[in-house]
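These notes concern the structure reproduced below.
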Ligand code: UDP
Ligand code: MG
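In my numbering, the protein residues as written are 3 to 325.
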């Protein structure tokens with residue numbers, strides 16, 4: 003009999019002592035045990051918790067050899083924690099899920115079903131936003147709107163890190179070397195066959211969210227800076243527009259005043275002319291700044307060192323890699 007395929011379940015954990023035991027024992031483990039046709043491993047990534055989360059999960063790991071603990075030396079953030087988990091995952095597919103119960107483990111079988119039917123990435127999309135402040139709600143909506151407007155690759159609004167990723171995608175993901183990373187953005191960038199599962203984003207069962215407004219804001223900025231260059235281009239266009247308008251206005255001023263002798267009686271004196279001239283210069287500055295920024299963004303793209311393309315080995319035919 004062929005060995006069963008393995009599913010890795012990855013849980014990033016940062017200061018979740020209050021609810022982690024409950025979440026794992028009452029929600030996640032029972033679901034994992036019910037995955038019948040597959041073996042599973044549960045990788046708990048302790049992302050430098052300062053409470054006793056680590057001790058709690060270490061105790062659980064003593065009782066259950068399927069639980070693996072990947073302890074990071076300090077708090078690196080959820081994105082690096084997920085990347086670490088994916089690096090150590092041995093499974094034919096990996097599922098990433100938060101430790102706070104906001105992403106319902108009961109849906110795991112559904113993710114697996116979609117995967118069995120051919121999806122290489124299954125993304126959990128939250129249907130609405132519960133227990134989030136107004137600003138965060140608004141921010142999140144705006145974030146996806148802007149990301150899709152600006153980004154080169156579209157991300158479905160409400161996409162979360164509750165995902166299943168096939169081995170081929172994990173291998174490609176592990177090759178990426180950039181540091182400032184947004185896991186979902188990168189996985190979307192990789193391509194492959196995606197499916198979505200809508201779910202209701204629950205209320206945190208215990209503890210406090212580690213992502214405060216400031217962190218979320220930084221995450222949003224990181225996403226934009228690492229995934230798109232459109233904001234830079236927009237400033238360029240704005241600069242060009244300002245330059246053009248003030249140039250026309252300046253020309254009009256000169257013709258009206260000095261050639262036609264101000265037939266419109268505008269009486270534009272020196273200060274108005276100066277204002278027009280300064281606006282013209284500001285436009286030029288914006289334009290040249292944007293060009294400089296684009297150069298930097300190209301350098302940035304080079305240093306990210308992403309592969310030029312990703313080959314979908316499953317669907318390619320008769321290709322032998324050159325020895
Ligand atoms: N988390 C982490 N490192 C951090 C912050 C959060 O590993 O620096 C984990 C956290 O323990 C949880 C998940 O990431 O399992 C989501 O965090 P949180 O609930 O704070 O964020 P939100 O639900 O607002 O996305
Ligand atoms: Mg949460």
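Cβ coordinates follow ideal geometry from the N, Cα and C atoms, glycine included.
Distance, Cα to Cα, residue 272 vs residue 258? 14 angstroms
Among the residues of its own chain, which have a CB less than 6 angstroms from the CB of residue 98, if the five just before and after it don't count? 12, 84, 163, 165
Quick one: is residue 102 buried, meaning 16 or more other Cβ sit within 10 Å of its Cβ, or exposed? So residue 102 counts as buried.
Which of helix, strand or coil DSSP assigns to residue 252: helix
Given this structure, state the Cα-to-Cα distance separating residue 70 from residue 87, to the nearest angstrom. 10 angstroms
Please confirm whether residue 171 and residue 115 have their CB atoms less than 7 angstroms apart. No, the Cβ-Cβ distance between residue 171 and residue 115 is not below 7 angstroms.
Can you tell me whether DSSP reads residue 45 as helix, strand or coil? strand
Rounded C-alpha distance that separates residue 147 from residue 160: So the two alpha carbons sit approximately 10 angstroms from each other.
Whole angstroms are fine: how far does the CA of residue 158 sit from the CA of residue 199? Rounded to whole angstroms, the gap between the alpha carbons of residue 199 and residue 158 is 11 angstroms.
Length-filtered (3 minimum) beta strand (DSSP E) runs lying within the region 68 to 118: As far as the region 68 to 118 is concerned, its whole beta strand (DSSP E) runs of at least 3 residues are 69 to 73, 95 to 98.
Since residue 107 contacts residue 33 with CB under 8 angstroms, what's their CB separation in whole angstroms? 4 angstroms
If I measure Cβ to Cβ from residue 204 and keep anything under 8 angstroms in the same chain, skipping five residues before and after, which residues do I get? 103, 104, 105, 106, 132
At the level of alpha carbons, what is the spacing between residue 37 and residue 215? 37 angstroms
Just mark residue 201 as buried or exposed, buried being the case when its beta carbon has 16 or more other beta carbons within 10 Å. When all chains shown are included, residue 201 counts as buried.
Using the Cα positions of residue 274 and residue 124, report the straight-line distance between them to the nearest angstrom. A direct Cα-to-Cα measurement between residue 274 and residue 124 gives close to 60 angstroms.
Length of the line joining the Cα atoms of residue 117 and residue 185: The alpha-carbon atoms of residue 117 and residue 185 are separated by roughly 19 angstroms.
Would you be able to state if there are at least three C-beta pairs under 8 angstroms between the region 250 to 266 and the region 225 to 240? no
According to DSSP, is residue 7 helix, strand or coil? strand
Whole angstroms are fine: how far does the CA of residue 49 sit from the CA of residue 72? 9 angstroms
CB of residue 22 within 7 angstroms of CB of residue 96, strictly: no
Among the candidates 24, 120, 111, 20, whose CA atom is the shortest distance from the CA of residue 211? Distances from the CA of residue 211 to each of 24, 120, 111, 20 were compared; the closest alpha carbon is that of 20.
For residue 294, the three-state DSSP class (helix, strand or coil): helix
Other residues of its chain near residue 5: CB distance less than 7 angstroms, five sequence neighbours each side excluded: none
I need the straight-line Cα distance from residue 241 to residue 286, nearest angstrom please. 6 angstroms
Assign residue 166 to one of three DSSP states: helix, strand, or coil. strand
Excluding the 5 residues flanking residue 299 on each side, which residues of the same chain have their C-beta closer than 8 angstroms to its C-beta? 231, 234
Residue 105: CB within 6 angstroms of a non-hydrogen atom of ligand 2: Not one heavy atom of ligand 2 sits closer than 6 angstroms to the Cβ of residue 105.
Assign residue 27 to buried or exposed, taking buried as 16 or more other Cβ atoms, counted over all protein chains shown, within 10 Å of its Cβ. Exposed is the label assigned to residue 27, since fewer than 16 other Cβ atoms lie within 10 Å of its Cβ.
Could you check where the beta strand (DSSP E) with residue 196 kicks off and where it finishes? 196 to 201
Does residue 183 pass the burial test, meaning 16 or more other C-beta atoms within 10 Å, or should it be called exposed? It is buried - the Cβ of residue 183 has at least 16 other Cβ atoms within 10 Å.
Are there any heavy atoms of ligand 2 lying less than 6 angstroms away from the beta-carbon of residue 190, as far as the coordinates show? No, ligand 2 has no heavy atom inside 6 angstroms of this Cβ.
Tell me whether residue 14, by its Cβ, gets closer than 6 angstroms to a heavy atom of ligand 2. no
Other residues of its chain near residue 60: CB distance less than 8 angstroms, five sequence neighbours each side excluded: 71
Since residue 124 sits in a beta bridge, which residues does DSSP pair it with? Beta-bridge pairing links residue 124 to 166, 197.
Can you list, in chain order, the residues of its chain whose CB lies under 8 angstroms from that of residue 14, leaving out five sequence neighbours each side? Closer than 8 angstroms at the Cβ level, and outside the excluded window around residue 14, lie 47, 49, 80, 83, 84, 87, 98, 100, 101.
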